[in-house]
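*Asks:* My questions will all concern the structure given below.
Protein chains: 2
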Amino acid sequence: MIDLFITYLRNNASLTDGEIDRVVSLSTPRSLRRNELLLQEGQICRQKGFILKGLLYTAGSAAGEDGEHILQFSAEQNWILDAESYDQQIPSRFNIAAVEKTELLVWGRNDFEGLREEIPGLTKFAQQLISRNIYSSRQRILAALSGTPEEKYTSFVRNNPGLLQRLPLRMIASYLGISLKTLTRIRHAQIQR
Amino acid sequence: MIDLFITYLRNNASLTDGEIDRVVSLSTPRSLRRNELLLQEGQICRQKGFILKGLLYTAGSAAGEDGEHILQFSAEQNWILDAESYDQQIPSRFNIAAVEKTELLVWGRNDFEGLREEIPGLTKFAQQLISRNIYSSRQRILAALSGTPEEKYTSFVRNNPGLLQRLPLRMIASYLGISLKTLTRIRHAQIQR
DNA sequence: GGGAAAGTTGGTCATTTGACCATATTTTCC
DNA sequence: GGAAAATATGGTCAAATGACCAACTTTCCC
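Line order of the protein sequences matches chains A and B.
Residue numbering for the first sequence follows this note's numbering, starting at 1464 and increasing by one per position.
Residue numbering for the second sequence follows this note's numbering, starting at 1464 and increasing by one per position.
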């Protein structure tokens, strides 16, 4: 299973095999059951994770709001953490939990930051990830602002192939910012065609 | 005017006066007229800016959409750039333009990256800014997903005191993802009370 | 100063959305 | 296996929203 991570690093980062070994050597496997929390609102994020298999979601609520919305889904071959809480070691405002049984590698913050000092290529790689992260956040904002619920849904399905089957519809509705009822209606209408 | 920047650095970054001088020495003043573009979609972002006075907005359109939406407003005492385009030197997907007459300091990318290598405290400071940026993006996503148009508007006014007077309503509507008509209605209803 | 453009408000109407409630179906877990 | 919970669909209705069009006001710029 850990090979998935090694392959990922080989393909995406510019690290030597020795450096990769070093990164792997400080990781700890962890597994989450369905609905199990990786990080709870109010806790401080003390570790960085990489998803080997499975699916997580990050959820939070707007200031003064009651309901939670899903901000992000993170599937295998992705890193997972609350950047704000991790970087500044302040309580997180978000929950991160497993949609389905999930296998992770995790690194304690000290270990990982040590690795970054030790391996410049890792810092550079992390930088790229942040840049992509910022970009996808912006796309997400645009998607939330633009279009009808139906357009949002079809665009979600198009951009996240395979995810539809793994998610309860209520989570998709939450992610899109529409009611479950509306989502049902949309799907019903699309089947007709 | 440049003192605004020096004061800002003194209060927010951990730099010596000498380092601050160094940063200032590589900056160039620039001024934008109302509606003038700082960065156009398709161009590569080659500089980093700091707003001394004025107000800018960043706008873009979702993939395959026709209309533009405003992603962000940036007022004085803030940095401005398209991080994705700047970091990777790829064409920007966004427009950045002035809402009103704006005074900036700008740094060419090479100059600024040179400063970052020269001054570790600057890199650390930049890192903090990114972390905050990620956080505010998430807040923005939540705000876009949660609540009625009226809640979005009142929360916008609350969180951005003073901005209301400086922005055309159609920009606020675009930022909130609602129609201008709806925004007018909300305002009308609130005056009644 | 004055003409043109930009910005704002208003009216009407068809459509969509969400709220609430009930019911059917699937999944979970003991 | 079977009860209980979670998930999905359906019906109805009132309310909110956006589209379209027109009028009015303010601002800009020559």
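Every residue gets a Cβ at the ideal spot worked out from N, C-alpha and C, and that includes glycine.
Cβ closer than 9 Å: which chain A residues qualify as neighbours of residue 1505 of chain B?
*Replies:* Those do not exist, as residue 1505 of chain B stays about 16 Å from chain A at its closest Cβ, beyond 9 Å.
*Asks:* Could you check where the alpha helix (DSSP H) with residue 1583 of chain A kicks off and where it finishes?
*Replies:* 1583 to 1608
*Asks:* For residue 1636 of chain A, name the three-state secondary structure that DSSP assigns.
*Replies:* helix
*Asks:* Taking the beta carbon of residue 1535 of chain B as the centre, do at least 16 other beta carbons fall within 10 Å, making it buried, or is it exposed?
*Replies:* By the neighbour-count rule (16 or more Cβ atoms within 10 Å), residue 1535 of chain B is buried.
*Asks:* If I measure Cβ to Cβ from residue 1518 of chain B and keep anything under 6 Å in the same chain, skipping five residues before and after, which residues do I get?
*Replies:* 1538, 1562, 1563 and 1629
*Asks:* Which residues does DSSP pair with residue 1567 of chain B in a beta bridge?
*Replies:* B/1493 and B/1514
*Asks:* Would you say residue 1551 of chain B lies against chain A (beta-carbon separation less than 8 Å)?
*Replies:* yes
*Asks:* If the cut is a Cβ gap below 7 Å, which residues of chain B does residue 1603 of chain A touch?
*Replies:* 1604
*Asks:* Quick one: Cα of residue 1487 of chain A to Cα of residue 1473 of chain A, how far?
*Replies:* 12 Å
*Asks:* Taking all protein chains shown into account, do 16 or more other C-beta atoms lie within 10 angstroms of the C-beta of residue 1523 of chain A, making it buried, or fewer, making it exposed?
*Replies:* buried
*Asks:* Can you pull the chain A neighbours of residue 1546 of chain B, defined as C-beta to C-beta under 7 Å?
*Replies:* Listed along chain A are 1594 and 1597, each with a C-beta nearer than 7 Å to that of residue 1546 of chain B.
*Asks:* Considering just the uninterrupted stretch of the beta strand (DSSP E) at residue 1559 of chain A, what are its terminal residues?
*Replies:* 1558 to 1561
*Asks:* Relative to the C-alpha of residue 1649 of chain A, which residue among A/1559, A/1468 and A/1616 is closest?
*Replies:* Measuring from the Cα of residue 1649 of chain A, the nearest candidate turns out to be A/1616.
*Asks:* Just the Cα atoms here: how many angstroms apart are residue 1573 of chain B and residue 1549 of chain A?
*Replies:* Looking at the backbone, the Cα of residue 1573 of chain B and that of residue 1549 of chain A are separated by about 30 Å.
*Asks:* Any idea if residue 1599 of chain A is buried or exposed, counting beta-carbon neighbours within 10 angstroms, 16 or more meaning buried?
*Replies:* Label assigned to residue 1599 of chain A: exposed.
*Asks:* Compute the Euclidean distance between the alpha carbons of residue 1593 of chain B and residue 1637 of chain A, then round it to the nearest angstrom.
*Replies:* 27 Å
*Asks:* Does residue 1530 of chain B come within less than 8 Å of chain A when only Cβ atoms are used?
*Replies:* yes
*Asks:* Once the 5 residues before and after residue 1632 of chain B are set aside, which same chain residues still bring their CB inside 6 Å of it?
*Replies:* Around residue 1632 of chain B: 1646.
*Asks:* Do we get a CB-CB distance below 8 Å when we pair residue 1577 of chain A with the residues of chain B?
*Replies:* no
*Asks:* List, in chain order, every chain B residue whose beta-carbon is nearer than 8 Å to that of residue 1501 of chain A.
*Replies:* Identification of chain B residues near residue 1501 of chain A by a Cβ-Cβ cut-off of 8 Å yields none; the smallest Cβ-Cβ distance measures about 17 Å.
*Asks:* Do the stretch 1581 to 1591 of chain B and the stretch 1478 to 1497 of chain B touch if we need at least three Cβ pairs shorter than 8 Å?
*Replies:* yes
*Asks:* Give me the residue from B/1587, B/1484, B/1483 and B/1608 with the minimum Cα distance to residue 1641 of chain A.
*Replies:* B/1608
*Asks:* Specify the secondary structure class of residue 1479 of chain B as computed by DSSP and reduced to three states.
*Replies:* Note: residue 1479 of chain B maps to coil in three-state DSSP.
*Asks:* Please work out which residues of its chain come closer than 6 Å, Cβ to Cβ, to residue 1521 of chain B, disregarding the five sequence neighbours upstream and downstream, and give them in chain order.
*Replies:* Around residue 1521 of chain B: 1534, 1535, 1557 and 1559.
*Asks:* Looking only at its chain, what residues have a beta carbon closer than 7 Å to the beta carbon of residue 1575 of chain A, apart from the 5 residues adjacent to it on each side?
*Replies:* 1511
*Asks:* Take residue 1525 of chain A as the anchor and find which of B/1606, B/1620, B/1611 and B/1621 has the nearest alpha-carbon.
*Replies:* The shortest Cα separation from residue 1525 of chain A among B/1606, B/1620, B/1611 and B/1621 belongs to B/1606.
*Asks:* Inspect the beta-carbon positions of residue 1514 of chain B and residue 1475 of chain B and report whether they are closer than 8 Å.
*Replies:* Contact: no.
*Asks:* Could you run through the stretch 1618 to 1639 of chain B and flag, in chain order, every residue whose CB is less than 7 Å away from some CB of chain A?
*Replies:* none
*Asks:* Could you tell me whether any Cβ in chain A is nearer than 8 Å to the Cβ of residue 1523 of chain B?
*Replies:* So, interface residue.
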